[in-house]
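Residue numbers (the numbering used here): 95 to 369. Yeah, the Cβ is synthetic: ideal placement off N, Cα and C, and Gly gets one too.
Here you go:
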């Protein structure tokens, strides 16, 4: 019976754990931008179909069979990252450079010199081990503008309408609940389930800064065989490594001093993902 209780407990708690996953996570990790070798990048990663390049092990491992000799590759890279944003009539731009390692690999060829031109039977095989970069998540985005009609606090106040004050935090613990706990929104005097924000009518500067860092890398072990220089068969065991970190900071400021009980507030969300 104890085992049964453990299974039931897991069934209850697992849905709450999975709640943290979103469609944004699935989209992020499905959008791959293969780094690979300099040769592969120069051809738009077409070597996945052509073969003869270690980058193909993450796309089409049979391409490893085309190798005729042992090879060691190290491919550093330099990325130019540009961002532009427009918000409430104000435009912001930013740019940065990012150094990275796109590929490090070793291919050991088992094809003997006397067999290289054979047109019948198995010619030999190649073994490869290495690293490929699949995605780079480094970026910075900033936008800011003066809003003379509304505030994010108005959205939070509307979200809590109809909610008892004792349940306000639990209703939205990462948004309206935080505003409630810090007295940025309050209940109406004549109706405790209706709320208002201390920023009435907007007239605040709204700014948001988003910084993301991380990589999606893959360690690969591959083998491919060459049959009669016509058929190439291969396979790859790939172990992905994900490291993604983001900091999102949103702020509002009464830069003109028009609100009696408000100067500014900042809401910061931090997300760290690894695996």
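According to DSSP, is residue i helix, strand or coil?
i: residue 151; result: helix
i: residue 282; result: coil
i: residue 297; result: coil
i: residue 117; result: helix
i: residue 261; result: helix
i: residue 157; result: helix
i: residue 144; result: helix
i: residue 308; result: strand
i: residue 134; result: helix
i: residue 275; result: helix
i: residue 320; result: strand
Relative to the C-alpha of residue i, which residue among the options is closest?
i: residue 348; options: 245, 264 and 178; result: 245
i: residue 230; options: 173, 190 and 240; result: 173
i: residue 356; options: 319, 295, 369 and 367; result: 295
i: residue 251; options: 281, 311 and 339; result: 281
i: residue 187; options: 255, 261, 303 and 124; result: 303
i: residue 318; options: 236, 161, 125 and 117; result: 161
i: residue 176; options: 233, 143, 130 and 135; result: 233
i: residue 331; options: 147, 143, 213 and 221; result: 221
What does DSSP give as the partner residues of residue i in its beta bridges?
i: residue 171; result: 194
i: residue 368; result: 337
i: residue 315; result: 223 and 331
i: residue 178; result: 187
#### Entry: Continuous alpha helix (DSSP H) assignments of at least 4 residues falling wholly in the region 180-207
none
#### Entry: Inside the region 219-250 only - beta strand (DSSP E) runs reaching at least 3 residues
233-241
### Query
How do the region 258-273 and the region 206-226 stand: do at least 3 beta-carbon pairs fall below 8 Å, yes or no?
no
### Query
How do the region 202-209 and the region 124-133 stand: do at least 3 beta-carbon pairs fall below 8 Å, yes or no?
no
### Message
Pairs of beta-carbons, one from the region 339-347 and one from the region 179-198, closer than 8 Å: are there three or more?
### Response
no
### Task
Determine, using beta-carbon pairs with one atom in the region 282-293 and one in the region 208-219, whether at least three such pairs fall under 8 Å.
no
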